[in-house]
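Novice:
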Amino acid sequence: MLSDAVAWLRGLAGAPVAGLRPGLLSGMGSSVVLLLSLLLMVSAARADDYTLGPQDVLRIRVFEWRPSAGVAFEWVPLTGEFAVSAAGSLSLPIIGTVPVAGKTLEQVSDIIGEQLQKQVGLQKRPNASVEISAYRPFFVTGLVASPGKYNYIPGLTVMQALSMAGGVGQADPNMIGFQREALVSRGDLRELDIARLGLLARQARVDAFLKNEAKIAFPPDLKARADLPVVARMMQDEQALLDTRLRSLETEVNALAQARVLAANQLDVLKSKEASLTKQIDLATKDLSSVNKLVSQGLSLSSRQLGANQNVADLESRNLDVSLAIVKTQQDLAKLDQDVADVREKYRAAALTEAADLRDRLAANTEKAKTARALLTNIETHAPAALAAEVAEDAPAFVTTVNRSVGGAMKTMVVNDNDPIAPGDVIRVKRRESMSAAQTGGMPSGTQ
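Under the working numbering, think of the first position of the sequence shown as 36, with each following residue one higher.
1. What residue from S168, D460, Q142, S124 has the CA that sits closest to P134's CA?
2. Are the segment 433 to 445 and the segment 246 to 256 touching, with three or more C-beta to C-beta distances below 8 Å?
3. Here's the rule I'm using: 16 or more other beta-carbon atoms within 10 Å means buried, otherwise exposed. How should L393 be labelled?
4. Apart from the five residues on each side of it in sequence, which residues of its chain come closer than 6 Å, Cβ to Cβ, to Q301?
5. Quick one: what does DSSP say K250 is sitting in, helix, strand or coil?
6. Tell me whether the beta-carbon of E309 lies closer than 9 Å to the beta-carbon of N346.
7. Using only alpha-carbon positions, find the residue among E287, D452, T406, I462 that is nearest to T192.
8. What would DSSP say about R171, mapped onto helix, strand or coil?
9. Quick check: the Cα distance between F173 and A121, rounded to an integer number of angstroms?
10. Going by DSSP, name the residue or residues bridged to T436.
11. What does the Cβ neighbour count give for R240, buried or exposed, with the cut at 16 atoms within 10 Å?
12. Within a Cβ cutoff of 6 Å, which residues of the same chain sit near V92, ignoring the five residues on either side of it in sequence?
13. Which class does T493 belong to by DSSP, given the choice of helix, strand or coil?
14. Can you check the segment 248 to 331 for any alpha helix (DSSP H) of at least 4 residues that lies completely inside it and give the ranges in chain order?
15. I'd like the span of the alpha helix (DSSP H) that includes I95, first residue to last.
16. I think V203 touches P161, with their Cβ atoms under 8 Å apart; what is that distance to the nearest whole Å?
17. To the nearest angstrom, report how far apart A236 and M269 are at their CA atoms.
18. Could you name the residues of the same chain whose beta carbon sits closer than 6 Å to that of G3, not counting the 5 residues immediately before and after it, in chain order?
19. Quick one: Cα of R467 to Cα of E99, how far?
20. Thinking C-beta only, is Y185 closer than 9 Å to A200?
21. What number of angstroms, rounded off, separates the C-alpha of D145 from the C-alpha of L178?
22. Residues in the same chain with beta-carbon distance under 7 Å from S337, minus the five sequence neighbours each way, listed in chain order, please.
23. Between K321, A348, P455, which lies nearest to Q195 when the distance is taken from Cα to Cα?
24. Determine the DSSP secondary structure at G115, reduced to helix, strand or coil.
25. Using the beta-carbon count (16 or more within 10 Å), is I130 buried or exposed?
26. Label A457 either buried or exposed according to how many other C-beta atoms from any shown protein chain fall within 10 Å of its C-beta, with 16 as the threshold for buried.
27. Thinking C-alpha only, which one of S220, P128, V155 is nearest P112?
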């Protein structure tokens, strides 16, 4: 947003904008001046604690609000990028030479505005925007792969600066290659070892599930390293996953078991109803036989015979429906039993598939580890110095120092990987035994 606003203000400079009344621009005068001042103040405040020096490149813009014309006038000759000379000064059109070494951007902005006002005879001091376009470089020397000059980046640390120079160590490209291969192989072995432990933890969980055991029996390799946070987390996660799988299986089986209980109860009710209908059919059949005998003797009406026949037919139809319901319920019971078996088989098949995949991955992990160990053995055989250069983290083989101008005097200090680097610093990497006692004072607090 800052760059857009500045671009808009620059569009107002030099000539009125088409379509806007001069009176409107005049009314906007105080607001534009205030906005311009705020923008320039924000721009300068970004690096108000950085002091300039030779080889810094500054981007300068100078504006002046002219109320009579209602425009923000840009001093074009003073707009552009200017490098700080070896003498620590800027050579600017109209103004001339401006000493800037040791000054902040805000101070340089004030000096440019004051000198332009004095040189041209302006009533009000123009507003100058001064930004860092390119920082002066820093230098890396000593036991690094590519010593030389490098462009500074804000927030740069010692580790990042040494990485730009190719890293610390032997300058021999062949030795650097061997050391890189050794480091990569050792890193691969550590990664493969952690991956192997993870695969072993998963395999133990799958074995416990296939055996229907609620507690995982982890292998000795994992138990021996259970004090490591990463291994302890692996074991906890796999136990939690086993608990979840067992609960999920139990939930599905219990749901099917409850459905089977309901179906069995329904079957019992239907069988009871079938027995009752069978008795009613027997009674109705006997009644029909008696009616048929009376009708044949002329002692009863034929309408009674018809009603008896209809009653028997209705009871037999209801009994047939009940028989069909019994058969369907028996089919549902059989299906529920099959569903329970299918659920168990589904979980078992998934576990067996995972077990087979784990076996393949463990075999691949073992082969990769053999390859990494073979590479290390080869390096040890053909370039033992590459492995000898590797030392423990608590005993570094190299010491890094920085030569920095502090208060006009050059100081040498020992730095750590995360210490900040300033433009113009000279970073030197030496072997520890070559360091003098006078250079072990450490970086002072607050140094940039």
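Yeah, the Cβ is synthetic: ideal placement off N, Cα and C, and Gly gets one too.
Specialist: Working from what's here:
1. S124
2. no
3. buried
4. T364
5. coil
6. no
7. D452
8. coil
9. 15 Å
10. V449, R463
11. buried
12. E116, A118, S168, A169
13. The first residue shown for the chain is 36 and the last is 483, placing residue 493 beyond what the model contains.
14. 255 to 259, 264 to 331
15. Looking at the DSSP string, I95 is not in any alpha helix (DSSP H); the run it does join, the beta strand (DSSP E), is 92 to 101.
16. In fact, because the Cβ distance is near 49 Å, the residues do not count as touching under 8 Å.
17. 7 Å
18. Outside the shown range of the chain, which is 36 to 483, sits residue 3, and nothing can be said about it.
19. 58 Å
20. yes
21. 44 Å
22. V330
23. P455
24. strand
25. buried
26. buried
27. P128
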